[in-house]
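Quick note, the sequences are listed as chains E and R, same order.
Counted the way the UniProt record's numbering counts, the first sequence spans residues 1 to 270.
Counted the way the UniProt record's numbering counts, the second sequence spans residues 1 to 270.
Before any comments, here is the structure.
Protein chains: 2
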Amino acid sequence: MRTISINDPDDARISGFRDIRERDLTGREGLFVAEGEVVVRVLASTASRCRPRALLLAEKRVAALSDVIAALAPSVPVYVAGQTVLDRIAGFPLHRGILALGEKPVAPPVEHLLAAVADEDVFVIASGIGNHDNMGGVFRNAAAFGARAVLLDETCCDPFYRKAIRVSVGAVLRTPFTVGGSAEDLVAAMQTAGVEVLALTPSATLRLADYRPKGPVALMVGSEGPGLPRAVIDRCRAVGVPMAGGFDSLNVAVTSALALHHVTSGRPAG
Amino acid sequence: MRTISINDPDDARISGFRDIRERDLTGREGLFVAEGEVVVRVLASTASRCRPRALLLAEKRVAALSDVIAALAPSVPVYVAGQTVLDRIAGFPLHRGILALGEKPVAPPVEHLLAAVADEDVFVIASGIGNHDNMGGVFRNAAAFGARAVLLDETCCDPFYRKAIRVSVGAVLRTPFTVGGSAEDLVAAMQTAGVEVLALTPSATLRLADYRPKGPVALMVGSEGPGLPRAVIDRCRAVGVPMAGGFDSLNVAVTSALALHHVTSGRPAG
């Protein structure tokens, strides 16, 4: 098998994998780090929108990924290191033993994602999501229910953060999405394309369970604390999920799943 | 205000708070650690099923909790320490600056939770949940949708683990639940009480969206990997949530929310 042994944690060839935790939130020049077998398999699959740049594996994990390695383009190096060297490269104990560097794809313009919208299409719009677990959860749910695309406003955190990718079970790597613009911009683009935008908010008088989609729908969720701004809600159809007495509110990723399930379950399976 | 200053991390009075991370999964003799303002407010509230035993606060957080402190029973000590001492007690940087020790309540017998079941009652049964985030999420959702109780089989992790309590937004401290017995035992107890048990499983032919409750319902979810055992599913009504092409499956806490929302949204608000 065509693997490259790494014995020195300071080897220049694996510098992209160095000190992952500290560098997780910084640029990496258009690259991201994916961790664990499930996610790296998605990255290497035909469903991926991202190109793998390199793999770094613990010796003991090479056999489990032999099919992935065999199918990779020959230009993608597969580095292999002992656990001790691997831990020193990553900067922490990397029990999973599987890392990949990938290239962030160029985000398509919103107009591209909204071309030829069909009646049964569902989109997700996220505004102000700052928590990487929640970001990953929103993507996992969007993929599970076959959302056509995810639109993130300019106040969202980066979905290519390692933990967000992991929580998404790789959905970040395969789901079409755009980043940027204000929540108002995204709502306006949707509405111009004939898509009804539902704002998920506890302040709504219409229950999610009583809403019936009549065409393409975008489901918009906001950050858990403040929620969606009133000015944004007022431009949309507001729907809510009533909570039992005295309880705060649902997790934002859970809310996205409730809305996706409700809107898609009345339609033919995708 | 009646607070007790702690200047020595080895002070015997705060030994229950020492080395939280390392001791998180061990016994603590019927006690648990709650962390953060939201959760400690639930613990100290009338909705709590658990008695607070002691508080340990960073000096800078005392003012924010003055109403909680004033309402606490005089027998509950409120220890206050500077951030450096607090970090040394906890064993890691405790940015939230708010800890409480609480007493685990005596779990009621299953029969007690199933006395006088009403038609609109909803229960949650969890089997084999080993991840504390998922455990916390299941409780958060159970509380959000007003589930009457949660039943955990003997293979579940401890919901009183610090992170599970935090993810539950305190729901672990206020929701009636029992721990123990096999999944089969819990299903049998439910059915004896006239409760229909739904097994949430991707293998089901009946879609969750097409199910209509006709009386009290228990929603059973299993661990994310293997899911519910076939022998358990066969004793229940199996329902599933169809996934979009090629996607794995939903998070177990998300699945519980989908089922809770579907089953409760056809009923009068609680």
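By construction, the Cβ of each residue, glycine as well, lies at the ideal position given by its N, Cα and C atoms.
The structure displayed is predicted, hence computed values, not measured ones.
Note to self: Considering only the alpha carbon of each residue, which of 171(R), 222(R), 38(R) and 235(R) lies closest to residue 64(R)?
What the structure shows: When 171(R), 222(R), 38(R) and 235(R) are compared, the shortest CA-CA separation from residue 64(R) is found for 38(R).
Margin query: Give me the DSSP bridge partner(s) of residue 237(E).
Written below: Answer by DSSP bridge pairing, in chain order: 198(E).
Note to self: Just to make sure I have the definition right: I need the residues of chain E whose C-beta is within less than 7 Å of the C-beta of residue 145(R). Which are they?
What the structure shows: The contacting residues are 244.
Notebook entry, point to check: Can you list, in chain order, the stretches of the beta strand (DSSP E) that have 3 or more residues and sit fully within the UniProt domain "tRNA/rRNA methyltransferase SpoU type" (122 to 261) of chain R?
Noted result: The DSSP assignment places complete beta strand (DSSP E) segments of no fewer than 3 residues inside the UniProt domain "tRNA/rRNA methyltransferase SpoU type" (122 to 261) of chain R at 122 to 126, 149 to 152, 177 to 179, 196 to 200, 217 to 221 and 237 to 240, in order along the chain.
Margin query: When you measure from the CB of residue 1(E) to every non-hydrogen atom of the ligand ZN, does any distance come out below 8 Å?
Written below: Ligands displayed in this structure: none; no statement on the ligand ZN is therefore possible.
Notebook entry, point to check: Exposed or buried, residue 112(E), counting other C-beta atoms within 10 Å across all chains shown (16 or more means buried)?
Noted result: Exposed, by the Cβ-count rule.
Notebook entry, point to check: residue 88(R) lies in the alpha helix (DSSP H); which residues open and close that run?
Noted result: From DSSP, the alpha helix (DSSP H) with residue 88(R) extends over 83 to 90.
Notebook entry, point to check: Using the C-alpha atoms, what's the distance from residue 126(E) back to residue 6(E)?
Noted result: Going from the Cα of residue 6(E) to the Cα of residue 126(E) covers about 41 Å.
Next item on the list: Taking the CB atoms as reference points, tell me whether residue 173(E) and residue 218(E) lie closer together than 9 Å.
Entry: Not a contact, by the Cβ cut-off of 9 Å.
Check: From this set, 101(E), 187(E) and 225(E), which residue's C-alpha is nearest residue 202(E)'s C-alpha?
Finding: Considering only alpha carbons, the answer is 225(E).
Item checked: Through-space distance from residue 95(E) to residue 79(E), alpha-carbon basis -> Approximately 17 Å between the Cα atoms of the pair.
Check: Just how far apart, CA to CA, sit residue 160(R) and residue 4(E)?
Finding: Rounded to whole angstroms, residue 160(R) to residue 4(E) spans 46 Å at the Cα level.
Margin query: Taking beta-carbon pairs under 7 Å, can you tell me which members of the segment 103 to 124 of chain R lie near chain E?
Written below: Within the segment 103 to 124 of chain R, no residue qualifies.
Margin query: Per DSSP, what are the beta-bridge partners of residue 103(R) in this structure?
Written below: Per DSSP, the beta bridge partners of residue 103(R) are 31(R) and 51(R).
Check: In chain order, what residues of the same chain lie with their CB nearer than 7 Å to the CB of residue 143(R), ignoring the 5 residues before and after it?
Finding: Correct list, in chain order: 171, 174 and 175.
Next item on the list: Please check the pair residue 223(E) and residue 129(E), which I expect to be a contact at CB under 8 Å, by giving their CB distance rounded to whole angstroms.
Entry: Right, the Cβ-Cβ distance comes to about 6 Å (below 8 Å), so this counts as a contact.
Margin query: So if I threshold CB-CB distances at 9 Å, which residues from the segment 127 to 140 of chain E count as touching chain R?
Written below: Taking 9 Å as the cut-off between beta carbons, the residues of the segment 127 to 140 of chain E near chain R are 133, 137 and 140, in sequence order.
Item checked: Under 8 Å by beta carbon: chain E residues contacting residue 207(R) -> What residue 207(R) touches in chain E: 265.
Note to self: For residue 199(R) and residue 254(E), what's the separation of their Cα atoms in angstroms?
What the structure shows: Answer to the nearest angstrom: the Cα atoms are 20 Å apart.
Check: Would you say the segment 28 to 37 of chain R touches the segment 97 to 105 of chain R, given that touching needs at least three Cβ pairs under 8 Å?
Finding: They touch, by the three-pair rule.
Margin query: Against chain R, with Cβ distances strictly below 9 Å, would residue 261(E) count as a contact?
Written below: It does: the Cβ of residue 261(E) has a partner Cβ on chain R nearer than 9 Å.
Checklist line | Nearest neighbour of residue 57(R), chosen from 117(R), 85(R), 167(R) and 214(R) [CA to CA] | finding: Nearest option by C-alpha distance: 85(R).
Notebook entry, point to check: Using the rule of at least 16 other Cβ atoms within 10 Å of the residue's Cβ for burial, across every protein chain shown, is residue 190(R) buried or exposed?
Noted result: Under this definition residue 190(R) is a buried residue.
Check: How many angstroms separate the CA atom of residue 17(R) from the CA atom of residue 93(R)?
Finding: Taking the straight line from one Cα to the other gives about 13 Å.
Notebook entry, point to check: Between 108(E), 135(E), 195(E) and 105(E), which lies nearest to residue 251(E) when the distance is taken from Cα to Cα?
Noted result: Among 108(E), 135(E), 195(E) and 105(E), the Cα nearest to that of residue 251(E) belongs to 135(E).
Item checked: Distance CB(residue 90(E))-CB(residue 19(E)) smaller than 9 Å -> Yes, these two residues count as a Cβ contact at 9 Å.
Check: Near residue 69(E), which residues of its chain fall below 8 Å by C-beta distance, leaving aside the five closest residues on each side in sequence?
Finding: 1, 2, 3, 55, 62 and 78, listed in sequence order.
Checklist line | Residues of its chain near residue 269(R), where Cβ-Cβ distance is below 6 Å and the 5 sequence neighbours each way are ignored | finding: At residue 269(R) the pLDDT is 45, less than 50, meaning the model places this residue with poor confidence; the figure from the coordinates comes in the next sentence. Excluding positions up to five away in sequence, the list is empty.
Next item on the list: Report the option in 109(R), 156(R) and 22(R) whose CA atom is closest to the CA atom of residue 228(R).
Entry: Comparing Cα-Cα distances from residue 228(R) to each of 109(R), 156(R) and 22(R), the minimum goes to 156(R).
Next item on the list: At 8 Å on the CB atoms, spell out the chain E contacts of residue 250(R), in chain order.
Entry: Here the neighbours are 140, 141, 144 and 257.
Next item on the list: Give the DSSP-derived three-state secondary structure of residue 58(E) in the structure shown.
Entry: Note: residue 58(E) maps to strand in three-state DSSP.
Check: Does DSSP put residue 5(E) in a helix, a strand or coil?
Finding: DSSP places residue 5(E) in strand when its eight states are reduced to three.
Next item on the list: Compute the Euclidean distance between the alpha carbons of residue 182(E) and residue 153(E), then round it to the nearest angstrom.
Entry: A direct Cα-to-Cα measurement between residue 182(E) and residue 153(E) gives close to 5 Å.
Next item on the list: Tell me whether residue 80(E) sits in a helix, a strand or coil according to DSSP, three-state version.
Entry: Three-state DSSP puts residue 80(E) in a strand.
Item checked: Neighbour-count burial assignment, residue 245(R), 16 or more Cβ in a 10 Å radius -> By the 16-neighbour rule on beta-carbons within 10 angstroms, residue 245(R) is exposed.
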